[in-house]
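First the structure, in the form of structure tokens, and then the observations on it.
Chains as they are written, first to last, in this note's numbering: chain A, 277 to 773; chain B, 277 to 773.
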């Protein structure tokens with residue numbers, strides 16, 4: 277038996293065990309070729325990859341080192357004894373192999389895969405193998421089974437209300453922070469809307485990043501429940517709520533590989549909403565040339581899929597398509613977006629009308645789910661709650677319940693205005709390029725970094741008119757962003773790029 | 277810039293960089309979500325994964341730690357300065373994505389993938405994605421391009437001789453050490469046969485493991501060339517020769533996932549033989565119920581594929597099918613197999629006749645490629661060289677040239693005889709189970725561990741007759757092996773298992 281030791285290395289979620297090359301009890305060269313080993317302590321076992329150490333200061337010959345996450349998962353204090361053994365491959369790897377060889381999987385097999393995903397028992401290569409094989413083909417039965425399995429494997433929220441609503445947007449549109457307006461409107465009406473959101477991974481801001489400018493968002497499931505009980509709604513980060521841990525693991529592999537199939541997207545979204553206890557879900561599909569969904573036909577196919585799965589898993593789904601041809605609002609990046617959101621809620625004259633109007637449409641559609649409301653009056657009710665200040669009050673209640681930030685950070689102090697190179701009408705704005713530019717400027721890491729748009733599609737500009745302002749917090753980012761904008765400003769004016 | 281430091285952690289081939297969480301120059305949280313970072317030193321760059329360290333003794337705030345392999349690859353002494361940057365994904369990941377989405381790849385795209393594989397620029401998940409997508413479908417054009425690209429990316433051997441032969445066996449049969457008899461026979465005739473072999477990964481011994489009982493096998497390419505120049509043949513481990521580095525990388529992912537398509541196997545074998553400068557290749561396909569190839573039909577399809585690829589890449593391929601229904605020879609495990617091989621070469625009366633006969637058949641087929649030899653006389657010539665002791669002399673020359681082991685290890689001293697539970701004729705021996713049993717006994721790590729078979733298919737036994745002897749070197753392995761044999765002895769006697 278070896279003595280457990282915490283090795284202060286953060287492996288970003290992966291379990292790593294360390295043993296000395298001259299370990300007196302195990303022969304590391306015998307274990308190293310295995311994909312994984314099993315660390316056995318006190319009846320518990322933890323799958324882990326193995327690294328061999330040639331430095332007694334990191335692990336001595338009678339020690340078994342564990343990376344920070346692995347150590348925490350085992351819940352030990354250090355100094356306890358543990359054994360290691362070559363890990364048998366989890367049984368779900370056999371199912372993954374079947375899938376690779378073209379078989380379809382049944383509900384039980386998918387449950388085993390999802391359970392192993394959620395428990396971090398599969399390696400990155402095994403996860404990639406499952407995702408790529410599933411991207412090759414996935415039957416609707418498989419998709420339904422996968423969705424159900426994913427929704428059951430993590431925490432599950434439940435609410436006393438008969439109608440619990442939620443919304444989700446198929447992303448890609450910069451500045452599209454409607455959730456932060458829709459949630460307070462719906463909550464002001466009294467309909468529960470337990471919204472959890474993601475942080476940005478490849479975009480300049482996720483709803484969680486923008487909300488975090490105003491309030492604490494990394495709430496536990498318990499705190500999320502409390503905030504919704506108090507305020508009818510919340511705007512929290514999904515990361516601590518653990519509603520679909522298998523999805524979180526899959527996303528960590530989907531992103532770098534850009535595997536992005538409709539089936540996996542639908543399973544991912546629906547499983548999270550089911551676990552959150554929603555009964556009525558509104559899906560917003562923006563359509564545009566640089567948006568995720570590029571044509572009306574694609575949007576319709578996706579809608580059918582959402583509706584089909586919704587019917588099978590017992591979740592009422594409504595799908596709306598929206599304009600995804602250009603950014604929504606003006607600000608892109610956490611602080612700038614939070615500014616736009618609050619301007620809409622406060623009814624400020626400078627509030628972006630497109631963000632306001634889209635939010636009202638979505639909130640209206642959600643309010644239609646209230647049986648007490650007369651059919652067709654959802655939009656008018658949403659507008660009433662925004663205009664009479666009830667939505668703003670609801671937002672402030674939510675901010676206070678989650679934990680108000682005492683100080684709002686400033687926008688990045690390094691600024692640069694990108695000027696129109698041609699005169700004429702703005703014909704198009706490339707969302708993809710605007711997102712990358714805001715990333716280069718430092719968003720979302722630097723919350724004050726980003727882009728402030730002055731011109732939108734349809735506006736008429738003269739040569740030299742400012743199109744947008746870049747905000748950055750660090751010289752290096754500022755330089756990158758200016759250079760990137762110089763190579764292409766993302767605007768098409770009068771047909772000329 | 278950070279100061280480079282060697283962190284004495286062996287990551288089994290992967291590049292890992294370590295920076296302090298409180299690093300003063302970079303913000304590790306900004307880099308950690310990326311799949312890989314780029315370590316830039318002196319115009320060189322190295323792709324690496326990143327771990328964040330909370331222990332100044334491992335890396336200080338102004339240091340950049342590198343795992344042993346990464347440090348060696350960068351070829352530094354420590355203390356030099358280096359920068360890091362988020363790594364752009366290698367361009368070949370785009371090609372892998374295309375493959376995932378069902379496109380076929382052209383020669384140039386496959387060359388880029390192979391180059392990135394060989395240079396360790398792809399992550400395990402990216403490699404898995406490529407392999408799984410390719411397992412879904414692969415055109416013959418893709419397979420030819422892949423084979424050619426793989427053969428060109430590593431070292432390449434060349435020989436002055438017009439005919440250079442080689443053999444390869446599609447594995448799975450315990451004790452099948454024909455190469456160690458075929459090579460000396462062919463070399464004794466004077467035909468060059470530059471044989472490189474693998475070590476066991478999941479089997480109880482590879483040819484390299486068994487040869488290592490007698491001689492040094494981890495030769496450099498330079499030494500391999502010298503041995504073949506001196507002796508006409510060699511029996512070295514392929515690991516240091518680096519003939520198909522992309523293949524080595526792919527295998528590290530194929531094994532744990534058990535991805536084992538015909539196309540990938542053919543590309544793997546052919547690319548190595550092309551790089552070794554062979555002109556004539558003999559492929560041995562054992563057919564049997566617990567062998568890799570289970571039916572004559574499968575063997576024929578595989579033969580066609582080998583022949584087709586051989587024609588396209590300019591390598592003469594001959595395929596023979598052999599009996600794969602039971603182990604070959606008696607010993608299983610490095611020392612026991614080496615004993616059988618030497619017995620055959622020495623013409624000892626106890627030499628296993630099946631191993632001798634199969635080796636003569638294969639050597640004869642290879643000798644037929646010598647234009648100086650009369651057609652059909654290969655077998656007789658092989659037998660002559662074995663019986664007149666020339667083959668044994670050639671083997672001793674090869675052993676001396678590679679570096680003779682001064683001491684032959686003993687067989688494992690812990691022994692246990694497994695006895696027949698029924699009387700009758702041995703109908704079948706389960707190769708798969710025999711392999712696992714020998715592994716449990718400690719082979720190939722403990723070279724003296726393994727199994728010594730006393731009875732083969734067709735032998736008649738009484739209840740209590742010893743079927744085979746288990747040899748182990750350690751009590752724990754011995755216990756595992758006895759228990760495993762107790763659960764099933766792998767013998768079918770008179771129709772009863």
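Note that CB positions come from ideal geometry on N, CA and C, so glycine has one too.
- Runs of the alpha helix (DSSP H) lying entirely within the stretch 621–704 of chain B, each at least 4 residues long, are 629–643, 654–663 and 666–678 in chain order.
- Contact check for residue 335 of chain B against residue 457 of chain B fails: the beta carbons are separated by 9 Å or more.
- At a cut-off of 9 Å between C-beta atoms, residue 498 of chain B does not count as an interface residue with respect to chain A.
- Annotation: the continuous alpha helix (DSSP H) that includes residue 580 of chain A extends over 572–589.
- Per DSSP, the continuous alpha helix (DSSP H) segment holding residue 757 of chain A begins and ends at 751–763.
- Excluding sequence positions up to five before and after residue 568 of chain A, its CB lies within less than 7 Å of the CB of 446, 447 and 448, all in the same chain and listed in chain order.
- Between residue 401 of chain B and residue 529 of chain A, the alpha-carbon positions lie close to 7 Å from each other.
- Annotation for residue 351 of chain B: no alpha helix (DSSP H) segment contains it, and DSSP assigns it neither H nor E.
- Two segments are said to touch when three or more pairs of C-beta atoms, one from each, lie closer than 8 Å; by this definition the stretch 582–589 of chain B does not touch the stretch 705–716 of chain B.
- Counting every other CB atom within 10 Å of its CB across the protein chains shown gives residue 714 of chain B a total of 16 or more, marking it as buried.
- For residue 511 of chain A against residue 459 of chain A, the beta-carbon gap comes to about 5 Å, under 8 Å, which counts as contact.
- Residue 280 of chain B: member of the beta strand (DSSP E) spanning 278–282, first to last residue.
- Taking C-beta atoms as the reference points, residue 724 of chain A and residue 688 of chain A count as a pair closer than 9 Å.
- A Cβ-Cβ separation of about 6 Å places residue 728 of chain A in contact with residue 606 of chain A under the 8 Å criterion.
- Chain B places no beta carbon closer than 9 Å to that of residue 415 of chain A, leaving this residue out of the contacts.
- CA-CA distance, residue 732 of chain B to residue 358 of chain A, rounds to 43 Å.
- If you check the CB distance, residue 631 of chain B and residue 509 of chain B do not come in under 9 Å.
- Residue 277 of chain B sits exposed, since fewer than 16 C-beta atoms from the chains shown fall within 10 Å of its C-beta.
- Between residue 339 of chain B and residue 279 of chain B, the CB-CB gap stays under 9 Å.
- A Cβ-Cβ contact shorter than 9 Å links residue 739 of chain A with residue 698 of chain A.
- Just measuring C-alpha positions, the residue of B/505, B/541 and B/494 sitting nearest residue 518 of chain B is B/494.
- With fewer than three CB-CB distances shorter than 8 Å, the stretch 469–480 of chain A does not count as touching the stretch 657–664 of chain A.
- In the DSSP assignment, residue 565 of chain A falls outside any beta strand (DSSP E) and carries neither an H nor an E.
- The continuous alpha helix (DSSP H) containing residue 385 of chain B extends over residues 383–394.
- Closest in C-alpha terms to residue 635 of chain A, from the list A/646, A/619 and A/647, comes A/619.
- Here residue 686 of chain A is exposed. Its C-beta has fewer than 16 other C-beta atoms within 10 Å.
- In this structure, the CA atom of residue 405 of chain B is about 48 Å from the CA atom of residue 651 of chain B.
- Of the candidates A/566, A/693, A/412 and A/407, the residue whose Cα lies closest to the Cα of residue 378 of chain B is A/412.
- At a beta-carbon threshold of 9 Å, the residues of chain B lying near residue 403 of chain A are 401 and 404, ordered along the chain.
- Just measuring C-alpha positions, the residue of A/307, A/677, A/420 and A/709 sitting nearest residue 496 of chain A is A/677.
- Contact of residue 294 of chain A with chain B is assigned, a C-beta pair being separated by under 9 Å.
- Taken in chain order, the complete beta strand (DSSP E) segments of 3 or more residues contained in the stretch 408–463 of chain A are 441–445.
- Excluding residues up to 5 positions away in sequence, 415 and 418 lie with their Cβ nearer than 7 Å to the Cβ of residue 380 of chain A in the same chain.
- Taking the beta carbon of residue 494 of chain A as reference, no residue of chain B falls within 8 Å; the closest one sits roughly 14 Å away.
- In the DSSP assignment, residue 768 of chain A forms a beta bridge with A/704.
- Among the CB atoms of chain B, one or more fall inside 9 Å of the CB of residue 303 of chain A.
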